[in-house]
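For reference, the structure discussed in these notes is given below.
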């Protein structure tokens, strides 16, 4: 396999995994933001945690808002790791190596990219939540097409390698943010807020039922 082909497959896997992770981060943050705040800085801390989990803790300065974080992580053209950018880059990489992909996998990736225009950039919270659910659905369809239709050859393993490395990196950041940013000072470990945050984290990585 050419190194160029391996590189494109690797990054296709990473970008799809990253788009899914960002959708889950934002969905979990919407849940956390729904908890009644106990201080003026609580809401900012919750949305700052989303930026930190995405690897961009200083992207929006010291006072990130729900609107600014949602825009930056989901749609911002100047953020190369936004959801829309990740799906677009995954499609670009996949198109360059179409002969290494099955028809089903290419159609799943291309369909996700085509769907971005139809989805638009929702601003209302309920519409935004539906957009995040759509992102999780299309990335899961890519995952399914990969697992069900790809021959277990070098191409498949480079796709899986990219996704696995991205997932490991994201999970490590999630745990770091939970311990160093989310839990307010003075909150007892094992308290109600701590329990809710850990439950949300498990749900975020689709591990709540398994746990």
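Numbering (this note's numbering), first residue to last: 732 to 942. For each residue, glycine too, the CB sits at the ideal point set by N, CA and C. Remember, predicted model here, so these are calculated numbers, not experimental data.
Inset, instruction - Rank 827, 852, 780, 864 by C-alpha distance to the C-alpha of residue 735 and give the top, closest one. - result: Mapped onto the chain shown, residue 735 falls at position 4. Measuring from the Cα of residue 735, the nearest candidate turns out to be 827.
Legend entry - Span of the alpha helix (DSSP H) around residue 841: Taking the first residue of the chain shown as 1, we reach residue 841 at position 110. Where residue 841 is concerned, the enclosing alpha helix (DSSP H) stretches over 834-850.
Inset, instruction - Just the C-alpha distance for residue 839 and residue 812, rounded to the nearest angstrom, thanks. - result: By 1-based counting over the chain shown, the position of residue 839 is 108. By 1-based counting over the chain shown, the position of residue 812 is 81. Roughly 20 Å separates the two Cα atoms.
Inset, instruction - Decide yes or no for the touch test of the stretch 885-898 against the stretch 776-785: beta carbon pairs closer than 8 Å, at least 3 of them. - result: no
Legend entry - Stretch pair the stretch 759-766 + the stretch 813-824: three plus CB contacts closer than 8 Å: no
Inset, instruction - Could you name the residues of the same chain whose beta carbon sits closer than 6 Å to that of residue 732, not counting the 5 residues immediately before and after it, in chain order? - result: Position 1 of the chain shown, counting from 1, holds the residue named residue 732. Once the five neighbours on either side are set aside, the close Cβ partners of residue 732 are 885.
Legend entry - Bounding residues of the alpha helix (DSSP H) (the contiguous stretch that carries residue 893): The residue you call residue 893 lines up with position 162 of the chain shown. Counting along the chain, the alpha helix (DSSP H) containing residue 893 begins and ends at 885-908.
Inset, instruction - Assign residue 899 to one of two classes, buried (16 or more other C-beta atoms within 10 Å of its C-beta) or exposed (fewer than that). - result: Looking up residue 899 in the chain shown gives position 168. Exposed.
Inset, instruction - Taking all protein chains shown into account, decide if residue 923 is buried (16 or more other Cβ within 10 angstroms of its Cβ) or exposed. - result: Taking the first residue of the chain shown as 1, we reach residue 923 at position 192. Exposed: under 16 other Cβ atoms inside 10 Å.
Inset, instruction - Verify whether the separation of the beta carbon atoms of residue 758 and residue 905 is less than 8 Å. - result: As a first step, residue 758 must be located in the chain shown, where it is residue number 27. As a first step, residue 905 must be located in the chain shown, where it is residue number 174. In this structure, residue 905 does not lie closer than 8 Å to residue 758 by Cβ.
Legend entry - Whether residue 750 touches residue 817 by CB criterion (8 Å): Reading the chain shown from its first residue, position 19 is the one you call residue 750. Reading the chain shown from its first residue, position 86 is the one you call residue 817. Going by C-beta atoms, residue 750 is nearer than 8 Å to residue 817.
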